[in-house]
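Enquirer: Before we start, here is the structure in question, set down as structure tokens.
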Amino acid sequence: MILTYKIKHNKDFSLELKKARQIAEVAMKTRTQTTADVKQYGLKSIIANQILREYARNRKLKRVGNVNLIVPSQGISIKEHIIRVSSLKLEMPYQFPDNFKKINQIEFDSVYAYVSVSIEEPEALKPKGFIGVDLNTTGHIVVVGNPDSRNCKRESIRHQT
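Taken in order, the sequence shown gives residues 4 to 164; the numbers are from the numbering used here.
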């Protein structure tokens, strides 16, 4: 299961977000997925690569909206409740539970960091019996059948005026 936590990062990324928007516009126009084609903008290649993937592949997009800085798991390290993103020279303490397997990615906008983590899914309950419910019966609210006892119960509603 994937959970996303929102953390205030308290850093000015306006210059990086402007570069990211320019890269997204180039990606939509040229459909390029090569970081060498956008090297002149000066954004770290690990981030530029993610933006190129997102905007060059999606043929349904007609214009560039809000562009976030996307850092994949390879650019993230964790130590003692501190997330380090070396490409952005950022260290963020986090308060969310430590029960995650890994951080998948982090998206940064102008105020928040959205940390996507994978956690272990709880084991599914194994049913001991089954109940059938027929919702398509006319004249009854519910028809419930228990195959073990072969009983069927019908509840009717009558409109009273």
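Glycine residues also receive a C-beta, built at the ideal position from the N, C-alpha and C atoms.
With 16 other CB atoms within 10 Å as the buried threshold, where does Ala127 fall?
Expert: With fewer than 16 other Cβ atoms within 10 Å, it is exposed.
Enquirer: Answer yes or no: do Ile109 and Ile79 have a C-beta to C-beta separation smaller than 8 Å?
Expert: For Ile109 and Ile79, yes; Cβs fall inside 8 Å.
Enquirer: Where does Met4 land, buried or exposed, given buried means 16+ other C-beta within 10 angstroms?
Expert: Result: exposed.
Enquirer: Which residue's Cα is closest to the Cα of Lys65: Phe103, Lys32, Ala116?
Expert: Of the candidates Phe103, Lys32, Ala116, the one whose C-alpha sits nearest the C-alpha of Lys65 is Lys32.
Enquirer: By DSSP's criteria, Glu19 is part of a beta bridge. Which residues make up the other side?
Expert: Answer by DSSP bridge pairing: none, since Glu19 is not bridged.
Enquirer: If you drop the 5 nearest sequence neighbours on each side, which residues of the same chain put their C-beta closer than 7 Å to that of Thr164?
Expert: With a pLDDT of only 47 at Thr164, under the threshold of 50, the placement of this residue in the model should not be trusted, and no figure is reported.
Enquirer: My guess is that Val120 and Asn107 are in contact by the Cβ rule of under 8 Å, so how many angstroms apart are they, rounded?
Expert: Val120 to Asn107, Cβ: 7 Å. Contact.
Enquirer: Taking only runs that begin and end inside the stretch 43-102, name each unbroken alpha helix (DSSP H) of 4 or more residues, in chain order.
Expert: Entirely contained in the stretch 43-102, the alpha helix (DSSP H) runs reaching 4 residues are, in chain order, 48-60.
Enquirer: Given a cut-off of 8 Å on the beta-carbon distance, is the pair Leu46 and Lys22 in contact?
Expert: Closer than 8 Å, so yes.
Enquirer: Using only the alpha-carbon positions, how far apart do Val29 and Phe99 sit?
Expert: Cα-Cα distance, rounded: 37 Å.
Enquirer: When DSSP labels each residue in this structure, what does Glu123 get in the three-state scheme?
Expert: Reduced to three states, the DSSP call for Glu123 is coil.
Enquirer: By the three-class DSSP mapping on this structure, what secondary structure does Gln36 have?
Expert: Three-state DSSP puts Gln36 in coil, outside helix and strand.
Enquirer: In the DSSP output, what is Glu110 paired with across the bridge?
Expert: Its beta-bridge partners are Ile73, Tyr117.
Enquirer: Beta carbon of Ala116, beta carbon of Ile50: below 8 Å?
Expert: Not in contact: Ala116 and Ile50 (Cβ atoms no closer than 8 Å).
Enquirer: Pick out whichever of Asn61, Phe16, Lys42 has its Cα sitting closest to the Cα of Leu93.
Expert: Minimum Cα distance to Leu93 is reached at Phe16.
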